[in-house]
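>
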Amino acid sequence: MQRKKYLDTLLNILTFIQMIMQGLWMDDCSLMCLPGINLEDCKKIIKYGKIEHLCEFCEFIKKMSSEKNSDDKTLINKIKDFITKTCKINSLSNEELNKLADVAMRLPILDINYKLYALDQNTGERIYDRPIIENSDVQLSVTLTKYNDIKNNLVVYSRYPKIKNCRWFIIIGNVKTNEVLAFEKVAFKEKRNCKITFTAPKNIDEDSIKLYIMSDSYFGLDQEYNINLKKINKGIMDKFGIIEIKQKKEEKEEDNKEENEDDKYDEETQKDEDENEEDYYLENW
99 MQRKKYLDTL LNILTFIQMI MQGLWMDDCS LMCLPGINLE DCKKIIKYGK IEHLCEFCEF
159 IKKMSSEKNS DDKTLINKIK DFITKTCKIN SLSNEELNKL ADVAMRLPIL DINYKLYALD
219 QNTGERIYDR PIIENSDVQL SVTLTKYNDI KNNLVVYSRY PKIKNCRWFI IIGNVKTNEV
279 LAFEKVAFKE KRNCKITFTA PKNIDEDSIK LYIMSDSYFG LDQEYNINLK KINKGIMDKF
339 GIIEIKQKKE EKEEDNKEEN EDDKYDEETQ KDEDENEEDY YLENW
């Protein structure tokens, strides 16, 4: 893929799509994506519940669902108690609270794992024992896993009037140069592994590479990760002892250089001896 300097533009477009789906402005609180929650309710959740963003609310749900003896019914009651008792929101009916709890339980909470590999420039195969080189091909293997047990891609709640499937954008960008290095759009039910190839930047030590996971439907569930190529290379070199290998290679090259110089000296000496011997025979002839 040809590099284009429109990283900011791409991120803004996706944010704009999220705003359309949820009927919110960019500076609105993402907790308003929950049904029945308005701006005043958001202020109470921030003040009493100590939660400011939708992603934090999802982590809160994830933590509660991982507790012992936490079935769906128990989790619904815990969410309702958190809204009414902890956050002191009393404007919602029991039906509205049940809808809020149901949506909160079905929001797509993603666990992200990724690995970076250098690629052989001829075969395209992964190289595990070699650091990433500037302007070389690199493969990012990223795995997206839904934490909650949701078996479909349908958007669980939005202000958009039609039913829609949720898709996710995987974007690799160079923040310093504003370049999009690679991106891919995926849709999945439970788990998805993607292998994305891109070209490493010219300045690995200084350029800032980021991995973005963005939804085209939900406002406030995006994730981003810093990819420190310098740190990754150091880990590879330490693991495989590449520094020692390099030193041995340099020593071997020095030995070969000395041998070549000795061979060259022997050849020149032999040539001089042959010429002297030839001159001797010519003089005596």
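Per the working numbering: the sequence shown = residues 99 to 383.
Beta carbons: idealized from backbone N, C-alpha and C, even for Gly.
Predicted, not measured: the structure shown is a model, and the values here were computed from it.
State yes or no: is the C-beta of Lys160 within less than 8 angstroms of the C-beta of Tyr245?
Closer than 8 angstroms, so yes.
> Cβ of Asp305 less than 8 angstroms from any chain D Cβ?
Structure shown: chain D not included; a single protein chain is present.
> Based on DSSP bridge pairs, tell me the residues matched to Met312.
For Met312, which the question treats as bridged, DSSP gives the partners Phe267.
> For Phe317, count neighbouring Cβ atoms within 10 angstroms of its own Cβ and tell me buried if that reaches 16, exposed if not.
Looking at its Cβ environment, which holds 16 or more other Cβ atoms inside 10 Å, Phe317 is buried.
> Are there 16 or more other CB atoms within 10 angstroms of the CB of Ser189, so buried, or fewer, so exposed?
By the 10 Å Cβ count, Ser189 comes out exposed.
> Check whether the Cβ atoms of Ile270 and Ala280 sit closer than 8 angstroms, and answer yes or no.
For Ile270 and Ala280, yes; Cβs fall inside 8 angstroms.
> Less than 8 angstroms separating the beta-carbons of Lys183 and Thr243?
Taking 8 angstroms as the Cβ cut-off, Lys183 and Thr243 do not qualify as a contacting pair.
> By alpha-carbon positions, which one of Pro259, Cys292 and Tyr212 ends up nearest to Tyr323?
If we check each option's Cα against that of Tyr323, Tyr212 comes out closest.
> Under 8 angstroms: do the segment 129 to 137 and the segment 148 to 159 share three or more Cβ pairs, one atom per stretch?
At 8 angstroms Cβ cutoff, the stretches touch.
> Relative to the alpha-carbon of Leu109, which residue among Val253, Met312, Cys264 and Asn251 has its alpha-carbon at the smallest distance?
Checking every option, the nearest Cα to that of Leu109 belongs to Met312.
> Where does Cys127 sit, in a helix, a strand or coil, going by DSSP?
It is coil, neither helix nor strand.
> Which residues mark the beginning and the end of the beta strand (DSSP E) in which Tyr146 is found?
Not the beta strand (DSSP E): Tyr146 falls in the alpha helix (DSSP H), residues Leu137 to Tyr146.
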